[in-house]
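Each residue of the sequence shown is one higher than the one before, starting from 1 at the first, in UniProt numbering. Here a beta-carbon is modelled for each residue, glycine too, at the ideal position from N, C-alpha and C. Only a predicted model underlies this, so the values are computations on that prediction, with no experimental measurement involved. Note sheet for the following structure.
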Amino acid sequence: MEILKITFPEIASRKEWLAQRKELLKKEKELTRKRDKLNAKRRRLPMVEVEKDYTFEGPEGGASLLDLFDGRRQLIIYHFMFDPEWNEGCPSCSAWADHIARGHLNHLHARNTTLALVSRAPLSKIEPFNERMGWPMPWYSSYGIDFNYDFHITMDESVRPVQYNYRDQATLEHLGQDYHTKGEQPGLSCFLRKGDNVYHTYSTYGRGMETVGGANYFLDLTALGRQEEWEQPKGRATKLGTTAGSENIRYPDEYEG
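See below:
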């Protein structure tokens, strides 16, 4: 892809660069310590028992939420955006899943944790798309059950009051986030098993899922960043006068090189 009109960083001597880099390092260390404290607070959150019975559809037939643990202690569910009317899953969700599929799973399994994808599309649509993507993690359908609505991933006011990222519809509209008030939304939920009882411990939505890694955090270390419209400083990388990032999220098998 040819990128035009790049605004480069200022040029400095190595001494000048090193002085500013050391100042930035102080901020990075502050952020690391704050993140450690935040992670500890997250681990101290109470948990809520999941009392509703859900029956997902998987490759082996019907599966309960407990079955999705695959015998491990913890379960992470990525709420993959795939509406029943769609023929392909969400490109952004596909990029996220592809990051994880290329090396994270063994490390999660070694720590007694299963990662599974759940989408509202029927399994008959999920399976051919997953075969195309070549991902090893299990993928289940929540078609026809309340799971997506209960965990505030599918927005439909006729089924449940709109709530995304712990904000109601009025708040989302006030923030200019109307796009979160209808249809499929991204999210991630964590569960803990105690015997045969399942507990919900955590959910995060939108950019909250960036903390699990992937290409965006690598790009954050570079001079051009993610090349998204909201980033500062403006104009670091544009294509034909428009932002290059958002329009170039593709399915993993569509990238060149």
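Inset, instruction - Taking E57 as part of the beta strand (DSSP E), name the residues at either end of that continuous run. - result: That run of the beta strand (DSSP E) goes 56–58.
Inset, instruction - Just the C-alpha distance for H79 and R33, rounded to the nearest angstrom, thanks. - result: Note on geometry: alpha-carbon atoms of H79 and R33 lie some 29 angstroms from one another.
Legend entry - Local conformation of D67 per DSSP, three classes: helix
Legend entry - Contact set for M1: own chain, Cβ-Cβ below 6 angstroms, skip 5 residues either direction: With a pLDDT of only 47 at M1, under 50, the local geometry of the prediction cannot be trusted, and no value is derived from it.
Inset, instruction - Out of I100, L24, V118, point me to the one whose CA is closest to T211's CA. - result: Distance from the Cα of T211 is smallest, within the candidate group I100, L24, V118, for I100.
Legend entry - Those residues which DSSP pairs with L18 across a bridge: DSSP lists no partner for L18.
Inset, instruction - Verify whether the separation of the beta carbon atoms of T7 and G225 is less than 9 angstroms. - result: no
Legend entry - L117 beta carbon less than 9 angstroms from that of H104: no
Inset, instruction - Reducing DSSP to helix, strand and coil, say where T7 ends up. - result: coil
Legend entry - Contact check, I77 vs L188, beta carbons under 9 angstroms: yes
Inset, instruction - Can you grab the Cα-Cα spacing for the pair residue 339 / Q232, in whole Å? - result: For the chain, the structure presents residues 1 to 257; residue 339 sits outside this window and is missing.
Legend entry - Cβ-Cβ distance between F56 and L68 below 9 angstroms: yes
Inset, instruction - Within the same chain, show all residues whose beta-carbon is closer than 6 angstroms to that of T181, passing over the 5 residues directly before and after it, in chain order. - result: Correct list, in chain order: M155, V162, Q169, L172.
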